Amino acid sequence: MTLTTRGTYELTVKIPGKPSDLIKLAVDDMIAIERRTRYRIVMCDWHCPEGDAGAGTDVCEVCFAGSIMARRTKEAGHRTCLTNSSFSADDSNKFIALDSFRRGDIRDGLRRIVPREFYVKGEGGVWIDSVMLKTFGNDHWNWGDFVYASYNNDRRQFIRCMRFLIRKFKAAGY
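Heads up: the sequence shown runs through residues 261 to 434, numbered per this note's numbering.
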């Protein structure tokens with residue numbers, strides 16, 4: 261197994277910075293990857309060839325963000341071990357944001373993609389709070405009556421959760 265260093269790989273698309281577009285790209289890529297026989301969705305692996313872990317198969321395990329890596333990485337196939345750090349710092353932060361969103365940690369996901377100028381001015385936390393308030397109102401802790409689910413427990417509900425986030429962020433302009 262070959263590990264890569266920061267920025268070794270490039271993506272075939274620019275990963276969007278808006279949460280709604282970022283999550284939509286990941287959902288679309290995850291659904292496409294689920295149909296491929298050489299990939300399996302396992303939320304604890306970025307992009308890990310299973311044979312390298314000793315299982316001896318020709319299957320690559322990918323997480324939510326890893327689905328983008330699998331579909332959109334130049335010159336890297338299912339036998340390449342990739343992590344968020346295999347990409348630019350900007351893309352790496354977006355992958356970490358997706359990992360946070362898929363776990364239901366919306367605030368941390370936003371923290372990863374908050375525009376740099378807000379942190380330079382010392383307004384990063386204020387920006388995140390305003391996005392949360394505008395997107396979820398005063399109910400950003402429990403999402404109203406909506407039930408969050410992990411992919412491993414309920415794939416369909418997980419996808420509904422991600423699409424719910426897409427709609428909420430898009431309606432708020434994010």
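We put the beta carbon where it would ideally sit given N, CA and C, even for glycine.
These numbers come from a predicted model, not from an experiment.
Quiz item: Are residue 360 and residue 368 close, meaning C-beta to C-beta below 7 Å?
Solution: yes
Self-check item: Whole beta strand (DSSP E) elements within the region 263-307, 3-residue minimum
Solution: 299-301
Quiz item: Start and end of the beta strand (DSSP E) containing residue 320?
Solution: 320-322
Self-check item: Alpha carbon of residue 291 to alpha carbon of residue 337, nearest angstrom
Solution: 18 Å
Practice problem: Quick one: using the 10 Å Cβ neighbour count with 16 as the cut-off for buried, is residue 374 buried or exposed? | Solution: buried
Practice problem: Let me know the secondary structure DSSP gives residue 314 once reduced to three states. | Solution: At residue 314 the pLDDT is 49, less than 50, meaning the model places this residue with poor confidence and gives no usable figure here.
Self-check item: Nonlocal neighbours in the same chain, by C-beta distance under 8 Å from residue 328, ignoring five residues either side
Solution: 271, 275, 285, 286, 289, 355 and 358
Quiz item: Cα-Cα, which of 293, 268 and 304 is closest to residue 363?
Solution: 304
Quiz item: Under the three-state reduction of DSSP, which class applies to residue 343: helix, strand or coil?
Solution: coil
Quiz item: Straight-line CA distance for residue 314 to residue 432?
Solution: Below a pLDDT of 50, predicted positions are generally treated as unreliable, and residue 314, at 49, falls in that range; the measurement from the model is reported next regardless. If I take the Cα positions, the gap works out to 46 Å.
Quiz item: Should residue 297 go down as buried or exposed, given a rule of 16 or more other Cβ atoms within 10 Å for buried?
Solution: exposed
Exercise. Please confirm whether residue 371 and residue 353 have their CB atoms less than 7 Å apart.
Key: no
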